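Q: So that we are looking at the same thing, I have put the structure below in structure tokens.
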Amino acid sequence: MATDAATTQLGADLGLTRADLIEMYRLIAITRAIDERMWILNRAGKIPFVISGQGHEGAQVGLAYSLRKGHDWMVPYYRSVASLITFGMHPREIMIAQFAKGVDPSSGGRQMPGHYGVKDRNILSVSSPVTTQVLHATGIALAAKLRKTDQVAITYTGEGSSNQGDFFEALNFAGIHKLPVVFVVENNGYAISVPMSMQSSVPDIAMRGEGFGMPGVIVDGADVLDCYRTGKEAIDRARRGDGPTLIEAKVTRMTAHSSDDQQTKYRTAEDLQAGQERDPLPRFREELRQAGVLDEATEAKLLAESKVVVEDATDWAESQSDPDPATAQRHVYADAPPARMDDPFWQTERFIGDGGPTSRGGAS
Amino acid sequence: MATDAATTQLGADLGLTRADLIEMYRLIAITRAIDERMWILNRAGKIPFVISGQGHEGAQVGLAYSLRKGHDWMVPYYRSVASLITFGMHPREIMIAQFAKGVDPSSGGRQMPGHYGVKDRNILSVSSPVTTQVLHATGIALAAKLRKTDQVAITYTGEGSSNQGDFFEALNFAGIHKLPVVFVVENNGYAISVPMSMQSSVPDIAMRGEGFGMPGVIVDGADVLDCYRTGKEAIDRARRGDGPTLIEAKVTRMTAHSSDDQQTKYRTAEDLQAGQERDPLPRFREELRQAGVLDEATEAKLLAESKVVVEDATDWAESQSDPDPATAQRHVYADAPPARMDDPFWQTERFIGDGGPTSRGGAS
Amino acid sequence: MAVRTMIDSIRETLADEMRRDETIIVLGEDVGKKGGVFLATDGLYDEFGGDRVIDTPLTESMIIGASIGAAINGLRPVPEIQFADFIMPAFNQIVSEAARMRYRSNGAFSCPITIRAPYGGGVHGALYHSQSVEAFFSHVPGLKVVIPSTPHDARGLLRSSIRDEDPVLFFEHKKMYRSVRGDVPDSDYVVPLGSAKVTREGSQVTLVGYGLMAQYSLEAADILDSDGIRAEVVDVRCLRPLDTATILESVRKTGKCVVVYEDNRFGGYGAEIAAILAEEAFDYLDGPVVRVTGPDVPGVPYNHVLEDWFMPDPERIATAARRLAGY
Amino acid sequence: MAVRTMIDSIRETLADEMRRDETIIVLGEDVGKKGGVFLATDGLYDEFGGDRVIDTPLTESMIIGASIGAAINGLRPVPEIQFADFIMPAFNQIVSEAARMRYRSNGAFSCPITIRAPYGGGVHGALYHSQSVEAFFSHVPGLKVVIPSTPHDARGLLRSSIRDEDPVLFFEHKKMYRSVRGDVPDSDYVVPLGSAKVTREGSQVTLVGYGLMAQYSLEAADILDSDGIRAEVVDVRCLRPLDTATILESVRKTGKCVVVYEDNRFGGYGAEIAAILAEEAFDYLDGPVVRVTGPDVPGVPYNHVLEDWFMPDPERIATAARRLAGY
Ligand SMILES: Cc1ncc(C[n+]2csc(CCOP(=O)(O)OP(=O)(O)O)c2C)c(N)n1
Ligand SMILES: Cc1ncc(C[n+]2csc(CCOP(=O)(O)OP(=O)(O)O)c2C)c(N)n1
Ligand SMILES: [Mg+2]
Ligand SMILES: [Mg+2]
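This is how it looks when you write it as structure tokens:
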């Protein structure tokens, strides 16, 4: 059994306590458990679509752990479940997005699973077109700087998506104004089927930081504590007013791109095997065990807790109601019903002149 | 007076003959003379708009001089007059674009001055939205590679424009496939009124090459022979199949952005003065004089020639006719009149139901 | 003659055309080994290799911009945009460049490219995997816009599009890829761009649609038939150039018209058809031009009850036509 | 009350609003020291400094994308796109992001930004400095689209736009910047979004237009008046949401309508007005809905003879209205 000294050593230089380490492990383990449940639900026909972050969790938890919850801003992408849970999203809120029920805080059932967002926790709504959010994070950071709010914005995208023009326009503007923003690229080697070598003209996305006037840092996404160190440095730097950082976390995509994808069609067996071996979860567990942070009792407790959390989230989400179809016309504008929905033609049946259900004519 | 040896020396290491040097000087001087005439015509109210390349000519001639005319592709921007003349456009063809007359080969009077393009010389038509052409050059290079034509594409843009997403998407794709393309950024320090420091997060655009897997080379645009060397190396490299190069030529914008701009509003007197001092024309002339390449007789001959060329181009262009308005509806599609222009309503007057002149109803 | 799904018809046509003309290349996201997310390009990589079937980076502006350049220098690119929703980053290249190249150069340069993209809702794709984007492009002179509704037309129209000298947007309704089957001749036939088709004859009301809505209009005509209402159905097929004559002829006969489109109502493509009718069919219209469309909300929502609320369907078309017929 | 040009009215309103609300920032290309290429922001940099009047890099997607983010985090950005023609690189950010943010987040997030851009032809701007782009945006639920035609309305509508909680596209006809003058009250009045205006009363035919075409319609009404034809003119002012009631009311009175827009005819904004009339005014239309528009070519050509060929003008409007009045 490890000594107390060893316990204190790991992460001590980073200012992390034993409780922090266990919390980080818990976040990774719970995210993994939720994610695995999603695939089970998908295979059971209960949720039609899954997109998940298995293999990314170590990087996500490490990089986000030093953010100030409810103060800073997170601008995520569809694989960000571990980042989001670290930043304060509840497993129930994650799970209900899979079921797209009416009380789903992300979108009220309007968006596909994976498109998270919670206003009261400063988590910006995810959309599908990739990389647009990198500019939003930059704009959030601009406002933070001008309003002197002391906030940092962190945003995430995949390595394939990082080739979009929006990415570079964001880096450029953030670099010019030294905005408090952290750009994270989670490089899992593939953009759906297209390997890094066909996506990017350089082996490392981080190489591009310098050309935009900011540090470009590569971090091993399976090394949770190094991710923590890297994230903290970038966040601190941003908050100090020293400008943005580009972080590339080398991670592994342990699942297919999504439940619609068959990765065996374009990846070799060896490649898939190698990908599994870069799983951050067992590696961090082993690290914590070695350091004596995780003992059998703690592990058992965490395992039990995670089961409860996943059950609870699933049961709760599944039991919620579908949204009322009458709600579908709300929130087009702040102040008005959807354009032309309220106009008089065919008398009271104006908008439903086309034969739609009566609920379509309702107020906004 | 300079010796013959000196004459042979200058440019000899680059494989340039005395005739080459005089030709390069001639191209610069003629371009300058045309450009100066444009401003006179503008002030005389004869052409409503001028956008010119004074200060850019040294870089343009040097960089383009080793292209293969009629074989390689040039994808220019609005300041490219010297590049275009080097690549085979005739001064008359430049001048007629200012007058936008019917026989203008660039656009038949459809585009504003500065939007050049000549199909039979592999000069792609310029449009106004900046930086789109950088992707076109990349596509041209892709076709050259796949069709094995041994062609190189060269494209140009300003430093402000080089921050557009299209620029990076082009570099990335060209880098991945090692396409035979040369990307030139003519950095004149300003994008209309916005200085480099507010446009780009790095002091040199060339710094960005490395992040896209290609050399990023800075060259002094007033050093014509160094521009030639740099251009030739990049063109040769592209043709060899070794991939693209990013060249940043530091030039000076000696005029306002265009005839619509007042640069004194945003530039200091010292800045303007310093800009004038970086004029490539007197510098190259002095270089050639020192080396004995230019003697008084040659200079006088060139001056006389350039006057004749400018007079001829202006007189010719001015004397051409405006396009026939009936031509305005042509060339929307290869195979058909403009959509709906030929439809029957108000019987024969269908399209002119709105009261237009009869010519609008004509065939395509 | 063989029975084919839409997606098979498209894939086989791509392969045929690539065999016929070696200047044709296919490029886009995941079009290579994966064969496209809907398998429209499945097998092409194996047959034609990585030079002609290019997996591009995830950059739509580049896909179109490079296609324009490649077309300028002798190739005939058939880029795929993975979902029509993701064509927006390429909007500038399509609208400012491809569409205007011929005109601005006074006919010197042209862009023979065919941009393929799956569009449309009803497949739980939510806001960003369901969009109908045809109105944006069919408004633009210089572009052609095609939407087939049968495997037969998909083949004939795709051939015409690829062989056309101008840029064509070729939108494929993703809900139809595997659900619609039909006869596809083995011959080298084409369906010319700019020709609509009367897919069902009728006398009392004309239903005009395209893509999935052309099919739903046929289904609505069946429903109406059982009510004793004879509806004529016109499948637009090519949105630009539009075959106005066929639509006017039908409305001259029936005097009534329902224009159906899945896109948001306000300013959608069918508004132009209604406007043409208001201008050119005024003398023989016996009732208002009615539109059955998607509602004016910013996207097709995901949850099935919301999605159902959004999507026009045969019942709604039939209800509107019934009401109009009784006008 | 003072007489102002359009551009003065816009500039003064921007300054007033910035004084009123310190969360308003202006950003765009050359908006700082230069004061914008049309001087719409002249003086703002001096008064409010570089933090609130930001010269951005030449990257439109960034201008809008960062504005969205800034709006999310408490600012109220008023980005300028230098010419409407150059809004295309930002199309994705506007249409996929700004327009859909509120809906996709079920009302949680919003984007109160006002995107200003000069549009329109007749100023020798050629293909890329003359475009009318309103049809692209007025089709998109979630966006609002405004086009003023007088200095008075420019002020009142710009105020409403900036104070609105949703993204507004505010297009200014560049030919009107200095050529149009009018009274502008000093009071803090607003013109609500979604309200059209009858700018001239008449009984025989309705002319509907916006921007320069609203003014040309008034001039056409003068011409018609001397022929004894009384034309009513409706200035749309806000294209989305559209004040359908005012247009319908006018057409109910006159029975005839000419819809005027400068943009390409096919699929242009006025097609929606014509479609609404075809659907909702059928019972009181006494003649076809006629459109006077720009022709279907990919841009306004530069040479003055070509440009004149393109542009609708008061004479053309009057000719069409005269013919329609005699229908
Ligand atoms: C603009 C746009 N184009 C295409 C897509 C379809 N798409 C969704 S995810 C994806 C691949 C993303 O790869 P990467 O950025 O590496 O992220 P990863 O999924 O590997 O985490 C693609 C092509 C999209 N969502 N948006
Ligand atoms: C997409 C787009 N946005 C804006 C403009 C307007 N514009 C024309 S040139 C220019 C500045 C270009 O600066 P730079 O790239 O440095 O080239 P320079 O003119 O200095 O040679 C601007 C903003 C444009 N033409 N296209
Ligand atoms: Mg990836
Ligand atoms: Mg410049």
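Residue numbers (the working numbering), protein chains in the order written: chain F, 200 to 563; chain R, 200 to 563; chain L, 4 to 330; chain W, 4 to 330.
Backbone N, C-alpha and C define an ideal beta-carbon position, used for all residues, glycine too.
In this text the structure is predicted, and so the values were computed from the model without any measurement.
1) Hey, which unbroken runs of the alpha helix (DSSP H) at 4 residues or more fall wholly within the stretch 82 to 111 of chain W?
2) Over what stretch of residues does the beta strand (DSSP E) that includes residue 199 of chain W continue unbroken?
3) Helix, strand or coil: how does DSSP classify residue 236 of chain F here?
4) Would residue 82 of chain L pass as a contact of residue 119 of chain L if the rule is Cβ separation under 9 Å?
5) Between W:115, W:196 and W:236, which lies nearest to residue 26 of chain W when the distance is taken from Cα to Cα?
6) By DSSP, does residue 174 of chain L sit in helix, in strand, or in coil?
7) Taking a cut-off of 6 Å, which residues have a beta-carbon closer than that to any heavy atom of ligand 4, in chain order?
8) With DSSP collapsed to three states, give me the class of residue 355 of chain R.
9) State yes or no: is the beta carbon of residue 247 of chain W nearer than 9 Å to at least one beta carbon in chain R?
10) When the Cα atoms are used, what is the spatial distance from residue 286 of chain W to residue 517 of chain F?
11) Just to confirm, are residue 409 of chain F and residue 409 of chain R a CB contact at a threshold of 9 Å?
12) Quick one: is residue 309 of chain W near chain R, going by C-beta distance under 9 Å?
13) What would DSSP say about residue 260 of chain W, mapped onto helix, strand or coil?
14) Does the beta-carbon of residue 282 of chain R have 16 or more other beta-carbons within 10 angstroms, so that it is buried, or is it exposed?
15) Along the chain, where does the alpha helix (DSSP H) that runs through residue 333 of chain R open and close?
16) At a threshold of 8 Å, does residue 477 of chain R count as lining ligand 3 (C-beta to nearest heavy atom)?
17) Kindly confirm or deny that the stretch 471 to 490 of chain F and the stretch 222 to 229 of chain F touch, where touching means at least three C-beta pairs closer than 8 Å.
18) Between the alpha carbons of residue 313 of chain L and residue 326 of chain F, how many angstroms are there, rounded?
19) Do you know how far the Cα of residue 64 of chain L is from the Cα of residue 216 of chain R?
20) Drop a sphere of 10 angstroms on the beta-carbon of residue 23 of chain L, count the other beta-carbons inside from all chains shown, and report buried for 16 or more, exposed for fewer.
21) Quick test of your reading: residue 241 of chain W and residue 292 of chain W, contact by CB under 8 Å. State the CB separation rounded to the nearest angstrom.
22) Relative to ligand 1, is the shortest distance from any of its heavy atoms to the C-beta of residue 96 of chain W smaller than 8 Å?
23) Taking Cβ to Cβ, would you say residue 448 of chain R is nearer than 9 Å to residue 426 of chain R?
24) Taking only beta carbons into account, state which residues of the stretch 315 to 333 of chain R come closer than 7 Å to chain W, listed in chain order.
25) Under a CB-based cut-off of 9 Å, is residue 281 of chain W close to chain F?
26) Residues in its own chain within less than 6 Å of residue 105 of chain W by CB, not counting five upstream and five downstream?
27) Put residue 26 of chain W into one of helix, strand or coil per three-state DSSP.
28) Spell out the partners DSSP gives residue 426 of chain F in its beta bridges.
29) Using CA coordinates, which residue listed in F:501, F:470 and F:458 is at the minimum distance from residue 243 of chain F?
30) Given the structure, does residue 452 of chain F come close to ligand 3, in the sense that its CB is under 8 Å from one of the ligand's heavy atoms?
31) Just list the residues that DSSP pairs residue 58 of chain L with in beta bridges.
32) Three-state secondary structure (DSSP) at residue 364 of chain F?
33) Given the structure, does residue 274 of chain F come close to ligand 1, in the sense that its CB is under 8 Å from one of the ligand's heavy atoms?
34) Between the alpha carbons of residue 527 of chain R and residue 328 of chain R, how many angstroms are there, rounded?
35) Using a Cβ-Cβ cut-off of less than 7 Å, give me the residues of the stretch 332 to 360 of chain R that come near chain B, in sequence order.
36) Is the shortest distance between the beta-carbon of residue 258 of chain L and the beta-carbons of chain W less than 9 Å?
A: Quick look at the numbers:
1) 104 to 107
2) As a working note, residue 199 of chain W is residue 196 in the fourth sequence. No beta strand (DSSP E) contains residue 199 of chain W, which DSSP labels as neither H nor E.
3) Counting from 1 along the first sequence, the entry for residue 236 of chain F is found at position 37. Residue state, collapsed to three classes: helix.
4) Working through the third sequence from its first residue, we reach residue 82 of chain L at position 79. Working through the third sequence from its first residue, we reach residue 119 of chain L at position 116. Closer than 9 Å, so yes.
5) Your numbering for residue 26 of chain W matches position 23 in the fourth sequence. Per the Cα distances, W:115.
6) For this step, residue 174 of chain L is matched to residue 171 along the third sequence. Residue 174 of chain L falls in the strand class under three-state DSSP.
7) R:357, R:358, R:359, R:387, R:389 and R:390
8) Along the second sequence, read from residue 1 onward, the residue named residue 355 of chain R stands at position 156. In the structure shown, residue 355 of chain R sits in a strand (DSSP, three-state: E or B).
9) Here residue 247 of chain W corresponds to residue number 244 of the fourth sequence, with the count starting at 1. Residue 247 of chain W does not count as touching chain R.
10) For the purposes of this step, residue 286 of chain W is taken as the residue at position 283 of the fourth sequence. For the purposes of this step, residue 517 of chain F is taken as the residue at position 318 of the first sequence. Taking the straight line from one Cα to the other gives about 51 Å.
11) Residue 409 of chain F sits at position 210 when you count from the first residue of the first sequence. Residue 409 of chain R sits at position 210 when you count from the first residue of the second sequence. Yes. Within cutoff.
12) For this step, residue 309 of chain W is matched to residue 306 along the fourth sequence. Cβ-Cβ to chain R under 9 Å: yes for residue 309 of chain W.
13) The count along the fourth sequence starts at 1 and reaches residue 260 of chain W at position 257. It is a strand residue.
14) Translated into the one-based positions of the second sequence, residue 282 of chain R becomes position 83. Result: buried.
15) Position 134 of the second sequence, counting from 1, holds the residue named residue 333 of chain R. Residue 333 of chain R -> alpha helix (DSSP H) spans 331 to 346.
16) For the purposes of this step, residue 477 of chain R is identified with residue 278 of the second sequence, where counting begins at 1. Answer for residue 477 of chain R: no, Cβ out of range of ligand 3.
17) yes
18) In the third sequence, residue 313 of chain L corresponds to position 310, counting from 1. In the first sequence, residue 326 of chain F corresponds to position 127, counting from 1. Here the C-alpha atom of residue 313 of chain L lies approximately 19 Å from the C-alpha atom of residue 326 of chain F.
19) Residue numbering aside, residue 216 of chain R sits at position 17 when the second sequence is read from its first letter. Residue numbering aside, residue 64 of chain L sits at position 61 when the third sequence is read from its first letter. Distance between the alpha carbons of residue 216 of chain R and residue 64 of chain L is about 43 Å.
20) Working through the third sequence from its first residue, we reach residue 23 of chain L at position 20. That one is exposed.
21) Numbered from its first residue, the fourth sequence carries residue 241 of chain W at position 238. Numbered from its first residue, the fourth sequence carries residue 292 of chain W at position 289. Not confirmed; about 21 Å, so no contact.
22) Along the fourth sequence, one-based indexing puts residue 96 of chain W at 93. Outside the cutoff, so no.
23) Here residue 448 of chain R refers to the residue found at position 249 of the second sequence. Here residue 426 of chain R refers to the residue found at position 227 of the second sequence. Closer than 9 Å, so yes.
24) 326, 327, 328 and 329
25) Numbered from 1 along the fourth sequence, position 278 holds the residue referred to as residue 281 of chain W. So no, residue 281 of chain W is outside the interface.
26) Looking up residue 105 of chain W in the fourth sequence gives position 102. The answer, listed in chain order, is 113.
27) Translated into the one-based positions of the fourth sequence, residue 26 of chain W becomes position 23. Residue 26 of chain W falls in the coil class under three-state DSSP.
28) Counted from its first residue, the first sequence places residue 426 of chain F at position 227. Partner(s): none; residue 426 of chain F has no beta bridge.
29) Here residue 243 of chain F is taken as the residue at index 44 of the first sequence, counted from 1. Here the closest residue by C-alpha is F:458.
30) As a working mapping, residue 452 of chain F is identified with position 253 in the first sequence. Checking the Cβ of residue 452 of chain F against ligand 3 gives yes.
31) The sequence position of residue 58 of chain L within the third sequence is 55, counting from 1. Beta-bridge pairing links residue 58 of chain L to L:31.
32) What you label residue 364 of chain F is simply residue 165 of the first sequence in a count that begins at 1. It is helical.
33) By one-based count along the first sequence, residue 274 of chain F stands at place 75. Outside the cutoff, so no.
34) Working through the second sequence from its first residue, we reach residue 527 of chain R at position 328. Working through the second sequence from its first residue, we reach residue 328 of chain R at position 129. In a straight line, the C-alpha of residue 527 of chain R is about 22 Å away from that of residue 328 of chain R.
35) Among the protein chains in the structure shown, which are F, R, L and W, there is no chain B.
36) By 1-based counting over the third sequence, the position of residue 258 of chain L is 255. It does not; no Cβ of chain W falls within 9 Å.
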